[in-house]
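Following: one structure in structure tokens, then a few remarks.
Chains as they are written, first to last, in UniProt numbering: chain A, 1 to 570; chain B, 1 to 508.
Listed below in structure tokens is the structure:
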């Protein structure tokens, strides 16, 4: 899970609880679902967070939640930004893949090292989560005093969001001294290389201009000219992305964090070709939550006043109402920084957290049902008991294997018309070359176990009832899956008859008719190999493993073996 | 009559008139005394001999006694020195006599304390006198030592020494007494009769054979004794795999709690694995880093069209009058893409949708203990494929308290108590809880599962109109918690150690 670094001193400062020691803070943070993982080199708390409350990705947001938890804050607080001065004009040349932009002006910020670090961390965490590694939303923060906006007809300064040819213009990116074209940034600049995949397929690259020229190349990198430092007093925040709602919400979270530091917010007008937006959008949403549903989910009775109190302590506001059917409901208002409230259930979860889930008394549900095993699972258990009764050690191997292990080392090839050598279901991006496909039979796994245990006492009689799969175009998933009964007998005098005797015993246990007509199979010695035919159907193979395969597996004792479909015993 | 050889030998040596000791029998039969003793007791049980026991006392000189026997008693040495010094005439100084006697150390005290007692003279004020009439040759103690010097453990009645002298020597630590039990055997009348009738030697038998049984010969044979305490050759019986045993136990518990077992495909469409769980398609967990997408085959053929529509709508618009969807793209092609399931919740969505066994009416309980696949780092506690315990309960108006009660009941079956519920976030459950439990041996608080109440955005498209609560847990984690394994790779997979599997304690 992702982590966020929070300086405990800043947290004490922003919550106004100077008296809380570190241990108390840790407990309070755990209550919010922020788990203490350790400390950074600078002594900040490293906290693990569940990725729903993205409004808590910085110390400002965490402090806000704690003030609600402590009861120092109640209900909803919405800042009032000043009216827009600046405009972002969206040009028609903007790449279709990344059409959306949003922004805000922040004035009178007082950035010290800590608060600047916190701002940068918030930006990075938002990129990683909501921004989907900048693909969905990317944030650019600039020193406003370095921007020169065109005085348009109404006298408002304007910047432009446009699309440029990959080599259509030059600018000096952050962490560089040289002027580069956007295409050169992708090739030569470290940050450019990291994010090149996001835009390299675009015909035109996203770019933001002021009067002086190109100053931001979203979602890759900002220009050096507008770089923010602790001297910056006024900021320009822009965000571009593939979804307007997402970047607007990211903007709200950043604006709330800066406002918590005493900054003044100022709106920005976004001019699309066919409509206009004013941002940040601090409008609140409401959802209707039924009192009855709160009580059934939490399993307790509550007074309406209690519900309203719990809502306010969660940073929400609730008003008691009656719906059309005369039932008690609440109109719950949700603050503009929340991105996780999709459904009334999410509000009930908030109320439960404010109440304290661990205060609830567990109870065993009074619901009567009848239990039972799946038929296949019962069959598998019965066959496994049969195998163990015959003296086999029951094994459990991986379903993923490599082509070499599954085919080559047993002297068969994919799709060959012999038992076990079906076409493989292959994995697109395997963990390693040892796990590139699903095994098509269990025999390879059993031979691998023999191979790794040659230093252990013989006889080694091993069996596995295991999953195997192969391509089958008639199946809905394109794969036929099944369980195979595989067994190997390895000892100085293991022979065909030993395997056959045990197979016969199994067949008798399950009252099926077993025949073993001779067959050829490259894994086994010719003339000592038979098809396993159960109730008239060919379902497997039995034989003495070929010396070529034994030597390949570094085995110095004979091995006899069989494998067949579990279903045949049904 | 037939008897074992050693019993026959004893009968032939023993007499009806005179008791014969076991030692004598052993010497005569050339059998070890313990074998003869065993035979004697068996014969006594059969009424063929009478056994009497008596306690024999024997005496022997101690090392000190033997030393005086070789040389002379200290008091005699003193007496002879005193005579030499003329102490029979007038008292002589002690120092002079002792010096002349050659006595040293403890022997001086011994000589002095016995000198007067035995009438060799008088010791007074540092001077010594000797009685000229005393006769060392008549000293009974010295004579007794001389007699015993050459015998070991002589029976007390075999020596000609009076009891007082023996007691005195024992008090002086010059002689030891030993007691030993002597068994003596006399033939009974029955034995005499049988001997006259003739007793044959029975042969001993190594193995019970079919012939022995059918011929009735077994009645007359004696079975050779085995060393029943010795270890036998090692035998490798088969055993159900430890992880399977654990899975079986979990299944037993869940069936006992009223759960039915689910099963379904390992290779499945992302639709069933993720989309039906209201997991947005751009969720980080759905990227290739966690997921094993298939290269071949690539897509599922059929998905239920109306369900696909409902799921897509839930993702885009949410569910219910106040529901919001995700602001994420939704692409049916991605939903149809095949992958190895990352959790068995894909079985739950198949069952809940009615796709697997038809529509389900509440109440229902379902579970599975099946494999899932995660593209995670392979290490001692993480495998690329592991077993997930999946369970859910479908009923009207389920609450968080029901969920807590169910899990407490489940985990208590495995000795895990004091379950704590930490509020958590999952895209498909709300409220959601991580479950923490106390390790049964270390007492540590460890994460043991993830749980919650399925969201309406998940249930409504699936056509479920009541509540469903669910949880998941890795079986390997439960195994490691319960039995303390440290590296799961020793057990699960082709790197397994056969010896470990053979030696592992069974569970029940």
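Even for Gly, the Cβ is constructed at its ideal location relative to N, Cα and C. Keep in mind the model is a prediction, meaning the values are calculated, not measured.
- Apart from the 5 residues on each side of it in sequence, residue 543 of chain A sits with its Cβ closer than 6 Å to the Cβ of 524, 528 and 529 in its chain, given in chain order.
- Of all alpha-carbon atoms in A:143, A:565, A:15 and A:501, the one lying nearest the alpha-carbon of residue 483 of chain A is that of A:565.
- By the criterion of a C-beta distance shorter than 6 Å, residue 244 of chain A is surrounded in its chain by 100, once the five residues flanking it on both sides are discounted.
- Sequence-ordered contacts of the region 289-307 of chain B with chain A read 292, 293, 294, 295, 296, 297, 300, 301 and 302 [C-beta pairs closer than 7 Å].
- Under the 10 Å beta carbon count, residue 353 of chain B is surrounded by 16 or more other beta carbons and is classified as buried.
- Residue 78 of chain B is a Cβ neighbour of residue 101 of chain B, given a cutoff of 8 Å.
- From the beta-carbon of residue 397 of chain A, the residues of chain B found nearer than 7 Å are 493 and 494.
- Using beta-carbon distances, residue 208 of chain A does not count as an interface residue toward chain B, since no partner is under 8 Å.
- With at least 16 other beta carbons inside 10 angstroms of its own, residue 336 of chain A counts as buried.
- Look at residue 486 of chain B here: in three-state DSSP terms it is coil, with no helix or strand label.
- The three-state reading of DSSP puts residue 456 of chain B in helix, counting H, G and I together.
- Contact of residue 11 of chain A with chain B is not assigned, every C-beta pair being separated by 8 Å or more.
- With fewer than 16 other beta carbons inside 10 angstroms of its own, residue 518 of chain A counts as exposed.
- The residue from A:467, A:512 and A:4 with its alpha-carbon nearest to that of residue 38 of chain A is A:4.
- With respect to chain B, the C-beta atom of residue 122 of chain A has no partner C-beta closer than 8 Å.
- Interface with chain A (8 Å Cβ-Cβ cutoff): residue 423 of chain B is included.
- DSSP, reduced to helix, strand and coil, places residue 400 of chain A within a strand of the structure shown.
- The beta-bridge partner set that DSSP reports for residue 530 of chain A consists of A:518 and A:542.
- Exclusion of the five residues before and after residue 526 of chain A leaves 520 as the residues of its chain whose Cβ lies within less than 7 Å of its Cβ.
- Residues of chain A whose Cβ lies closer than 7 Å to the Cβ of residue 257 of chain B are, in chain order, 371.
- Remark: C-beta atoms of residue 561 of chain A and residue 488 of chain A approach each other more closely than 8 Å.
- Residue-level contact by beta carbon fails for residue 276 of chain A and chain B, as no gap is shorter than 8 Å.
- Look at residue 315 of chain B here: in three-state DSSP terms it is helix.
- Put simply, the region 227-236 of chain A touches the region 134-149 of chain A. At least three CB pairs are less than 8 Å apart.
- Of the residues B:268, B:477, B:390 and B:256, the one whose Cα lies closest to the Cα of residue 371 of chain A is B:256.
- In this structure, residue 496 of chain B sits near residue 490 of chain B, with a CB-CB distance shorter than 8 Å.
- In terms of Cα proximity to residue 352 of chain A, the closest of A:31, A:7 and A:2 is A:31.
- A direct Cα-Cα distance of roughly 46 Å separates residue 237 of chain A from residue 419 of chain B.
- Looking at the DSSP output, residue 222 of chain A bridges to A:216.
- Taking the Cβ atoms as the reference, residue 11 of chain B lies roughly 6 Å from residue 199 of chain B, within the contact range of under 8 Å.
- In the structure shown, residue 21 of chain A adopts coil according to DSSP, grouped into three states.
- With a contact defined as Cβ atoms closer than 8 Å, residue 207 of chain A and residue 163 of chain A qualify at about 7 Å.
- By the 16-neighbour rule on beta-carbons within 10 angstroms, residue 213 of chain B is exposed.
- At a Cβ-Cβ threshold of 8 Å, residue 44 of chain A and residue 13 of chain A do not count as neighbours.
- Note on geometry: alpha-carbon atoms of residue 313 of chain A and residue 356 of chain A lie some 12 Å from one another.
- For the pair of segments examined, the region 276-293 of chain B was found not to touch the region 458-475 of chain A: the number of CB pairs separated by less than 8 Å stays below three.
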